[in-house]
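Notes to accompany the following structure.
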Amino acid sequence: MITPIWEGLVLGLTLAFLFGFGPALFALIQTSIHRGLWSGFQMAFGIFLSDATLVTLCLLGALQIINETPENQLVFGLITGIILIIFGIVTFTRKAKIADDANNEEIRKPNPVTFILKGFFLNFTNPFVWLFWILWVTTITSNYQGETDSVIMLFSVTLLVILATDMLKCFGAYKIKRHVTPRFIQWINWVAGSGLMVFGIFLLIKAFIEFF
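For the record, in the sequence shown the residue sitting at position 53 is 239 according to the working numbering, with numbers rising by one throughout.
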């Protein structure tokens, strides 16, 4: 059982630092700076739940439904593209604010579930994440033929490591909050929002090209 734990640790660190750059990461950093550390943690947990769901679906073979027909791929591409564009517009147009810890004025924050759901859907609606997990689940399960417990242990460790590194990214983003200006935060909003919108448009175009 030691081998799956060690391999899960290595895989988790590899995925987190070499492949962990996407729309969800930009949103994670932006949320940690704009909304605070706990809001960033909540979004990281949503991303964790999304990855766990995708790994489970991969292990169960349910993701084959998406690739079953071109129509399914088109619908999936349109939905994911539109969702990312909406998230991008909201982020891009958000006004930069820095909370003053010395200020007693209450700052209205969304329900914690909001950040969990945002993290979940930002990650879940990224088709590259789906393909990514399909590849790794297929590779790992082929190496551990018939060893279900080892596979579950390996991916459990992998997902927990990714969650831990995402929380570290939140902490790092939150710490630099004290040294940045509203203008810098506005720039972060623009970059994150633009990235989400561009990625969403790319998915829409890709879906139409592949279908027609």
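Even for Gly, the Cβ is constructed at its ideal location relative to N, Cα and C.
Would you kindly check if the distance between the Cβ of Leu214 and the Cβ of Lys355 is under 9 Å?
-> Yes. Within cutoff.
May I have the straight-line CA-CA distance separating Trp378 from Thr277, to the nearest angstrom?
-> The question names Trp, but residue 378 is Ala in the sequence shown. Here the alpha carbon of Ala378 sits roughly 7 Å from the alpha carbon of Thr277.
How many whole angstroms separate the CB atoms of Ala359 and Gly226, which I take to be in contact at a CB cut-off of 8 Å?
-> That belief holds up - the Cβ atoms of Ala359 and Gly226 are roughly 7 Å apart, short of 8 Å.
Within 10 angstroms of its Cβ, does Phe301 collect 16 or more other Cβ (buried), or is it exposed?
-> By the 16-neighbour rule on beta-carbons within 10 angstroms, Phe301 is buried.
Contacts around Phe212, its chain only, beta-carbon distance under 8 Å, and the 5 residues preceding and following it disregarded = Residues of the same chain with a CB within less than 8 Å of the CB of Phe212, apart from the 5 flanking positions on each side, are Val377, Ala378, Gly381 and Leu382 in chain order.
Give every residue of the same chain whose Cβ lies closer than 8 Å to the Cβ of Ser342, excluding the five residues on either side of it in the sequence, and list them in chain order.
-> Taken in chain order, the residues that qualify are Gly194.
Thr189 classed as buried or exposed, judged by whether at least 16 other C-beta atoms fall within 10 angstroms | Thr189 should be labelled exposed.
Taking three-plus beta-carbon pairs below 8 Å as touching, is the stretch 345–352 in contact with the stretch 255–272?
-> Because the criterion of three Cβ pairs below 8 Å is not met, the stretch 345–352 and the stretch 255–272 do not touch.
Gly247 (DSSP reduced to helix, strand or coil) = Note: Gly247 maps to coil in three-state DSSP.
Check whether the Cβ atoms of Phe310 and Thr239 sit closer than 9 Å, and answer yes or no.
-> Judged by beta-carbon spacing, Thr239 lies within the 9 Å limit of Phe310, meaning their Cβ atoms are closer than that value.
Under a three-way DSSP split, which group does Asn312 fall into?
-> In the structure shown, Asn312 sits in coil (DSSP, three-state: anything other than H, G, I, E or B).
Val299 versus Met229 - alpha carbon distance | So the two alpha carbons sit approximately 9 Å from each other.
State the CB to CB distance for the pair Pro313 and Gly263, rounded to an integer number of angstroms; the pair is presumed to be in contact (CB under 8 Å).
-> Indeed they touch by this definition, with Cβ atoms about 7 Å apart.
Hey, quick one: how far does the alpha helix (DSSP H) through Tyr360 stretch, first residue to last?
-> In the DSSP assignment, Tyr360 falls within the alpha helix (DSSP H) that extends over Thr334 to Ile362.
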